[in-house]
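Numbering (our numbering), first residue to last: 4 to 150.
Okay, here's the thing in structure tokens:
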């Protein structure tokens with residue numbers, strides 16, 4: 004029962020997320036990152052032992068992260084460097100090749116995690132750790148730190 008609740012809560016968080024506005028790349032990328040944050044929270048809960056490991060939830064976590072990584076770079080067009088309380092760093096536009104490399108690694112690591120189909124906590128920890136290392140790397144170089 005608890006597993007079903009965790010999976011249902013995760014799905015609800017993703018479906019209730021902010022509406023994505025196709026003509027507003029800042030709002031769209033923020034909404035996508037909120038979903039990644041919810042997925043990361045669910046994955047971290049399992050890794051930390053706060054919630055029981057669930058293979059379905061683990062798969063949803065990895066799929067959410069991978070889906071976000073696909074095409075995410077397109078949400079940083081010229082002219083979206085400011086406004087909308089964005090935390091996107093100027094380095095995204097100054098070092099576009101580096102930014103795209105970081106996104107490609109995130110895509111690759113999350114795809115590998117999905118392909119691994121982690122069936123237990125130890126397997127999930129390995130692929131989840133690789134996926135979240137990408138988050139840290141991107142936030143370090145391509146996100147303005149919140150004050």
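A virtual CB, placed ideally from N, CA and C, is assigned to each residue, including glycine. Keep in mind the model is a prediction, meaning the values are calculated, not measured.
Q.
So if DSSP puts residue 91 in a beta bridge, which residue, or which two residues, is it bridged to?
A. By 1-based counting over the chain shown, the position of residue 91 is 88. 146.
Q. Between residue 86 and residue 38, what straight-line distance do the alpha-carbon atoms span, to the nearest angstrom?
A. On the chain shown, residue 86 is found 83 positions in, with the first residue counted as 1. On the chain shown, residue 38 is found 35 positions in, with the first residue counted as 1. If I take the Cα positions, the gap works out to 21 Å.
Q | Residues of its chain near residue 119, where Cβ-Cβ distance is below 7 Å and the 5 sequence neighbours each way are ignored | A | Residue numbering aside, residue 119 sits at position 116 when the chain shown is read from its first letter. Cβ neighbours of residue 119 beyond the five flanking positions: 126 and 130.
Q. Where residue 148 and residue 90 are concerned, what is the direct C-alpha to C-alpha distance, given to the nearest angstrom?
A. For the purposes of this step, residue 148 is taken as the residue at position 145 of the chain shown. For the purposes of this step, residue 90 is taken as the residue at position 87 of the chain shown. Near 7 Å, if we compare the C-alpha coordinates of residue 90 and residue 148.
Q. To the nearest angstrom, how far is it from the Cα of residue 63 to the Cα of residue 50?
A. Your numbering for residue 63 matches position 60 in the chain shown. Your numbering for residue 50 matches position 47 in the chain shown. Near 15 Å, if we compare the C-alpha coordinates of residue 50 and residue 63.
Q | 8 Å contact criterion, which residue 107 and residue 145 should meet: CB distance rounded | A | For the purposes of this step, residue 107 is taken as residue 104 along the chain shown, with counting starting at 1. For the purposes of this step, residue 145 is taken as residue 142 along the chain shown, with counting starting at 1. Rounded, the Cβ-Cβ distance is 13 Å, inconsistent with contact.
**Q.** Best match in 69, 132, 35 and 56 for proximity to residue 113 [C-alpha to C-alpha]
**A.** By one-based count along the chain shown, residue 113 stands at place 110. Selected option, being the one with the closest Cα: 69.
Q. With 16 other CB atoms within 10 Å as the buried threshold, where does residue 116 fall?
A. As a first step, residue 116 is located in the chain shown; it is residue number 113 there, counting from the start. That one is buried.
(Q) Tell me the DSSP secondary structure of residue 120 in three-state form. (A) Reading the chain shown from its first residue, position 117 is the one you call residue 120. Looking at residue 120 - three-state DSSP - the assignment turns out to be coil, as it is neither helix nor strand.
**Q.** Helix, strand or coil at residue 69 according to DSSP, with G and I counted as helix
**A.** Looking up residue 69 in the chain shown gives position 66. DSSP places residue 69 in helix when its eight states are reduced to three.
Q.
Is residue 133 close to the ligand FAD? I mean its beta-carbon at under 6 Å from any heavy atom of the ligand.
A. The ligand content of the structure shown is nil, which means the ligand FAD is not present either.
Q. Under the rule that 16 or more other beta-carbon atoms within 10 Å means buried, what is residue 99, buried or exposed?
A. For the purposes of this step, residue 99 is identified with residue 96 of the chain shown, where counting begins at 1. Counting other Cβ atoms within 10 Å of its Cβ, residue 99 stays below 16 and is therefore classed as exposed.
Q.
I'd like the span of the alpha helix (DSSP H) that includes residue 52, first residue to last.
A. Against the chain shown, residue 52 aligns to sequence position 49. Element bounds for residue 52: n/a, residue is neither H nor E.
**Q.** Whole-number beta carbon distance between residue 105 and residue 57, since they are thought to touch under 8 Å
**A.** Looking up residue 57 in the chain shown gives position 54. Looking up residue 105 in the chain shown gives position 102. So it is not a contact: roughly 29 Å between Cβ atoms.
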